[in-house]
Amino acid sequence: MQGHCSYTVFAGPNQKYVFQFRLQSLFLDLQLVEQAREVYRDLVPETTFHGLLGGIGEAHEPVLVYKMTRVPGVSYIEAQITTPHPPDSPERRLWRSTIVEDFARFFASSWKQPQTISEASKQLLQVQYLESLQLLLLHLPRSFHPAIEQCIRDLPRIFLLPMVLTHQDMNVSNIIVDEASGKLNGIVDWAEANVCPFGYNLRMLRDFTGAFWLKVGWKLYADHDELHKLFWETFRAEVGELSIEDMQAIVSSRNLGCLLTRGFTKRLANEPLPTPVGDDAIGRYNKLMLDGFLINPDTKLCLDRI
């Protein structure tokens with residue numbers, strides 16, 4: 008399989024291993040992957056380095072080879088596409104409740120195991136977020152400005168949340184589930200993980216409670232309120248009660264993650280820095296998604312929906 012940053016093949020008895028080939032400039036930080044396994048256990052594939060193809064002096068950049076345990080199951084998007092059941096059927100409701108409960112436990116694992124980060128590093132990250140938000144104020148339509156300005160005001164509150172190891176490319180292709188039951192089997196592609204305030208990538212919950220359509224944006228499932236309630240009941244059962252201040256900060260962190268993920272172009276680690284999205288097809292797609300996250304009163308992420 009050809010991905011954005013790698014080429015991947017299955018190998019071994021019953022294809023139980025994954026071999027991934029990456030340019031040297033797109034190397035995997037194995038220490039970070041091991042750190043993720045300490046937090047999220049078997050939901051993160053075990054990864055080892057298996058050598059280099061090519062070398063110094065050759066015309067092309069060397070390629071690094073990694074071996075990973077294969078996570079059983081299918082991607083979330085594949086399960087969505089191939090299911091024979093309508094979205095609001097009893098079968099799909101049960102399926103969604105399973106993945107939402109497992110997802111809540113996944114996030115609870117990070118809350119319960121915050122990462123140690125110096126105050127200087129936290130301040131630097133906060134400045135980077137501020138500069139990115141100010142850049143979005145200059146480039147995104149005015150309809151997004153209230154949400155951006157609110158995130159700027161809430162940055163000090165956001166940085167009072169636990170600092171957790173965060174998957175930066177959480178999407179429907181990287182979440183591996185049991186096709187029949189909806190059980191979360193694992194999450195792959197940890198190359199861009201780093202330490203952020205809790206909630207930064209919590210926008211992914213929306214993919215379990217609704218579907219995104221190019222013509223109309225987000226459409227929520229009939230059971231979306233029940234799923235949000237289930238998520239937070241499960242989360243609180245794992246971590247204990249949360250104050251209203253905690254919940255408000257989590258909403259702000261989630262909105263921050265939406266803006267910094269969908270408000271900028273995606274770039275590989277060996278390419279120029281991301282820039283604010285424009286009016287091309289990808290930019291319009293991202294802005295439609297942001298509209299559903301932050302503006303549309305029927306679908307936006309707010310305290311009432313958590």
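In terms of our numbering, the sequence shown opens at residue 8 and continues consecutively. Note that CB positions come from ideal geometry on N, CA and C, so glycine has one too. Source: prediction; values computed, not measured.
> Counting only runs that start and end within the stretch 157-202, where is the beta strand (DSSP E) found for 3 or more residues in a row?
Replying inline: 170-173, 182-184, 191-194
> Rounded to whole angstroms, how far is the Cβ of alanine 256 from the Cβ of leucine 140, which I believe are closer than 8 Å?
Replying inline: The residue given as residue 256 occupies position 249 in the sequence shown. The residue given as residue 140 occupies position 133 in the sequence shown. Between leucine 140 and alanine 256 the Cβ distance is about 16 Å, and since that is not below 8 Å, they are no contact.
>> Helix, strand or coil for threonine 89? Go by DSSP, reduced to three states.
In response: Within the sequence shown, the letter at position 82 stands for residue 89. Threonine 89: helix per DSSP, three-state reduction.
> Are the C-beta atoms of valine 195 and some chain B residue less than 8 Å apart?
Replying inline: Considering every chain present, this structure includes no chain B. It has just one protein chain.
>> Helix, strand or coil for leucine 317? Go by DSSP, reduced to three states.
In response: This structure gives no information on residue 317, because the portion of the chain shown stretches from 8 to 313.
> Taking the alpha-carbon positions, what's the proline 121 to aspartate 230 distance?
Replying inline: In the sequence shown, counting from the first residue as 1, residue 121 sits at position 114. In the sequence shown, counting from the first residue as 1, residue 230 sits at position 223. Cα-Cα distance, rounded: 32 Å.
> When you compare each of Leu266, Ile289, Leu280 to leucine 137 by their alpha carbons, which one comes out closest?
Replying inline: Along the sequence shown, read from residue 1 onward, the residue named residue 137 stands at position 130. It is Leu266 whose Cα lies nearest to the Cα of leucine 137.
> Are the CB atoms of leucine 191 and isoleucine 88 nearer to each other than 8 Å?
Replying inline: Here residue 191 is taken as the residue at index 184 of the sequence shown, counted from 1. Here residue 88 is taken as the residue at index 81 of the sequence shown, counted from 1. In this structure, isoleucine 88 does not lie closer than 8 Å to leucine 191 by Cβ.
> phenylalanine 151 to phenylalanine 271, Cα distance in whole Å?
Replying inline: Translated into positions along the sequence shown, residue 151 becomes position 144. Translated into positions along the sequence shown, residue 271 becomes position 264. When rounded, the distance between both Cα atoms is 14 Å.
> Taking Cβ to Cβ, would you say phenylalanine 166 is nearer than 8 Å to proline 204?
Replying inline: Translated into positions along the sequence shown, residue 166 becomes position 159. Translated into positions along the sequence shown, residue 204 becomes position 197. Yes, Cβ-Cβ distance for phenylalanine 166 and proline 204 is below 8 Å.
> Based on the DSSP output, what are the partners of arginine 29 in its beta bridges?
Replying inline: In the sequence shown, residue 29 corresponds to position 22, counting from 1. Answer is Leu71.
> At what residues does the beta strand (DSSP E) containing tyrosine 292 begin and finish?
Replying inline: Translated into positions along the sequence shown, residue 292 becomes position 285. Run containing tyrosine 292: none in the beta strand (DSSP E); it sits in the alpha helix (DSSP H), 288-301.
> Quick one, which of Leu221, Trp225, Ser250, Met254 has its alpha-carbon nearest tyrosine 292's?
Replying inline: Position 285 of the sequence shown, counted from the start, is the residue given in the question as residue 292. The option with the nearest alpha carbon to tyrosine 292 is Leu221.
>> Can you tell me which residues form a DSSP beta bridge with glycine 217?
In response: Position 210 of the sequence shown, counted from the first residue, corresponds to residue 217. Per DSSP, Leu227.
> Alpha carbon to alpha carbon, what distance is there between arginine 103 and lysine 273?
Replying inline: Locating residue 273 in the sequence shown gives position 266, counting from the first residue. Locating residue 103 in the sequence shown gives position 96, counting from the first residue. Going by the C-alpha atoms only, they are around 29 Å apart.
> What residues in its chain sit with their C-beta under 7 Å from that of lysine 23, if we drop five residues either side in the sequence?
Replying inline: Counting from one through the sequence shown, the residue named residue 23 turns up at place 16. For lysine 23, where only same-chain residues beyond five positions count, the Cβ hits under 7 Å are Arg77.
> Near histidine 146, which residues of its chain fall below 7 Å by C-beta distance, leaving aside the five closest residues on each side in sequence?
Replying inline: Within the sequence shown, the letter at position 139 stands for residue 146. Around histidine 146: Pro283.
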